[in-house]
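Have a look at the structure below before the remarks.
Numbering (my numbering), first residue to last: 0 to 533.
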């Protein structure tokens, strides 16, 4: 039973006070060490700079009296070497690591890496593995701790002290705890600089691209852009992380958003869209950027086609002038040939020649009229006579007009109408013409016994009208060219204006037109029109 303090002798009281003081000092030291660990962890976790990490370690090691020298080396597995980091003593790379070209299995630090455990040398003069360098002749104790990431050694943290047997058990535990934090901080710093290096490469590639490039997120937030894009779109570095400032009219901006949304949802392929910006015309290519099956961005590549458009316009003007001049005499010729068909001609050969001439003249006149239509649509000189029309009514009219052709070819022509009527503001005759073009193409390239089906679907603020056939299909390399003027596919003949006119008509209504196909499995042509509200 312990005596009361009043019953103890002065000597016993002194011993008790000394013991209590030692205990208090011990716990204070442990609290200081714990506080130091928390501070070290915070300071090295908030930086990605290796030099700063070593400076923090060096500062606290000296403050706590745990050593004179600190080295940080990273393991290069390919070369089997320990790659030096910064040595703070001379603010240069440690000569121990460089001049001696320390291999991964040499020296005390090499042993720590090879054995994957801390190595403590209480007296370096008695250890044959100790390797020293200039300026470290007074070192007496060395403690090398391997740095691990997910159980794998990535480097080594080395402490050297000028006192013999300098590290007590509590010092060892402290340095090992600190090494755990250092391993995490160093790995994060490495990852950061690897990512930054890749970003720098990507930025260099962007800068080297002579055309404007913008990368957007699927919700049209700017991720990055090059200088050329900044110039044409008035973007500043601060624009990164902000919504893309669409430089177009509302309908065109909505089209742009739909393209980005489709690609953002994982749709494959490349979209095109023309943009007029600052008196220049750009053919903008949209492509999704995917990683591990997920789209995280959309690249917009702006190709300047101003000169090409100027040449196209010059050609179109010349064509329009030429066609206009040809139209009048051809009209006279077809009129005369029509009259001749009413006159009885006894010579059968002459009669056949006149009949063929009449058909050829009408074919040429139709071609000329199509060329004029294209020129007017491209120049925006065609006034659309818009009215509220029901989609199903347009489909019925177009399908009935092509029923005879379908019967002649032995192709089944069907259309599906919805119970709920959908309306659009459109030029009735021109949209019927688009439908007739698409249905005619479907019938033309579908074998006897096949089917052409017309349907429509509500998609947000738009209605999508589709014509699906079971025909020969279109090769992939030709699919993105089918709506170009004068483009005749390998499967067909003609001037190649029907689909080009259809595209211009649909786009003049604020819609889009496209096609999907696979050789031998048929084609699906579709176009969209804004739904009339109210």
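C-beta atoms are modelled at their ideal positions from N, C-alpha and C, and glycine is treated no differently.
* **Simplified DSSP assignment, three categories, for residue 521** => Position 522 of the chain shown holds residue 521. Note: residue 521 maps to coil in three-state DSSP.
* Cβ separation of residue 473 and residue 516, assumed to be a contact under 8 Å, to the nearest whole Å -> Locating residue 473 in the chain shown gives position 474, counting from the first residue. Locating residue 516 in the chain shown gives position 517, counting from the first residue. Right, the Cβ-Cβ distance comes to about 4 Å (below 8 Å), so this counts as a contact.
* To do: Compare the beta carbon distance of residue 449 and residue 505 with 8 Å and say whether it is the shorter of the two.
  => For this step, residue 449 is matched to residue 450 along the chain shown. For this step, residue 505 is matched to residue 506 along the chain shown. In this structure, residue 505 does not lie closer than 8 Å to residue 449 by Cβ.
* **Segments of 3+ residues assigned as beta strand (DSSP E) that fall wholly inside the stretch 234-285** => Every beta strand (DSSP E) stretch that sits fully inside the stretch 234-285 and reaches 3 residues is listed by chain position as 269-276.
* **Under the three-state DSSP convention, the category residue 77 falls into** => Here residue 77 corresponds to residue number 78 of the chain shown, with the count starting at 1. Coil.
* Endpoints, the alpha helix (DSSP H) within which residue 179 is located -> Stepping through the chain shown from its first residue, residue 179 is reached at position 180. Here the alpha helix (DSSP H) through residue 179 covers 168-207.
* Tell whether a beta-carbon distance below 8 Å holds between residue 528 and residue 510. => Position 529 of the chain shown, counted from the first residue, corresponds to residue 528. Position 511 of the chain shown, counted from the first residue, corresponds to residue 510. A distance below 8 Å separates the beta carbons of residue 528 and residue 510.
* To do: Express the C-alpha separation of residue 275 and residue 444 in angstroms, rounding to a whole number.
  => Here residue 444 refers to the residue found at position 445 of the chain shown. Here residue 275 refers to the residue found at position 276 of the chain shown. For residue 444 and residue 275, the distance between alpha carbons rounds to 37 Å.
* To do: Evaluate contact between the stretch 349-364 and the stretch 324-336, counting only Cβ atoms and requiring at least three cross-stretch pairs below 8 Å.
  => Segments in contact, yes.
* Report all residues from its chain with a CB closer than 6 Å to the CB of residue 287; omit the five preceding and five following residues, and keep chain order. => Within the chain shown, residue 287 is the residue found at index 288, counting from 1. Leaving aside the five residues that flank residue 287 on each side, the residues in its chain whose CB is nearer than 6 Å to its CB run, in chain order, 262, 294 and 297.
* Which residues in the same chain as residue 235 place their Cβ atom closer than 6 Å to its Cβ, once the five residues preceding and following it in sequence are excluded? -> Position 236 of the chain shown, counted from the start, is the residue given in the question as residue 235. Exclusion of the five residues before and after residue 235 leaves no residue of its chain whose Cβ lies closer than 6 Å to its Cβ.
* Measuring CA to CA, which of 454, 314, 375 and 408 is closest to residue 395? -> Here residue 395 is taken as the residue at index 396 of the chain shown, counted from 1. It is 454.
* Taking residue 229 as part of the alpha helix (DSSP H), name the residues at either end of that continuous run. => Looking up residue 229 in the chain shown gives position 230. In this chain, the alpha helix (DSSP H) harbouring residue 229 covers 226-232.
* Taking all protein chains shown into account, decide if residue 201 is buried (16 or more other Cβ within 10 angstroms of its Cβ) or exposed. => Counting from 1 along the chain shown, the entry for residue 201 is found at position 202. A residue is called buried once 16 or more other Cβ atoms fall within 10 Å of its Cβ, and residue 201, having fewer, is exposed.
* **DSSP state of residue 494 mapped onto helix, strand, coil** => Within the chain shown, the letter at position 495 stands for residue 494. For residue 494, the predicted structure reports a pLDDT of 44, less than 50, and the residue's modelled location is therefore unreliable. The matter cannot be settled from this model.
* From the DSSP output, which residues share a beta bridge with residue 160? -> Here the question's residue 160 lines up with position 161 in the chain shown. Beta-bridge pairing links residue 160 to 140.
* Among 185, 398 and 457, which one has its Cα closest to the Cα of residue 417? -> Residue mapping note: residue 417 aligns to position 418 of the chain shown, counting from 1. The residue among 185, 398 and 457 with its C-alpha nearest the C-alpha of residue 417 is 457.
* Are the stretch 223-243 and the stretch 196-215 touching, with three or more C-beta to C-beta distances below 8 Å? -> Three or more beta-carbon pairs separated by less than 8 Å link the stretch 223-243 to the stretch 196-215, which places the two stretches in contact.
* Mind checking who residue 501 pairs with in its DSSP beta bridge? => Within the chain shown, numbered from 1, the residue matching residue 501 stands at position 502. Looking at the DSSP assignment, residue 501 forms no beta bridge with any residue, so it has no partner.
* Asked: In the DSSP assignment, what residue or residues form a beta bridge with residue 41?
  -> By 1-based counting over the chain shown, the position of residue 41 is 42. Note: residue 41 sits in no beta bridge, so no partner.
* Helix, strand or coil: which one does DSSP assign to residue 347? -> In the chain shown, the residue the question calls residue 347 occupies position 348. Reduced to three states, the DSSP call for residue 347 is helix.
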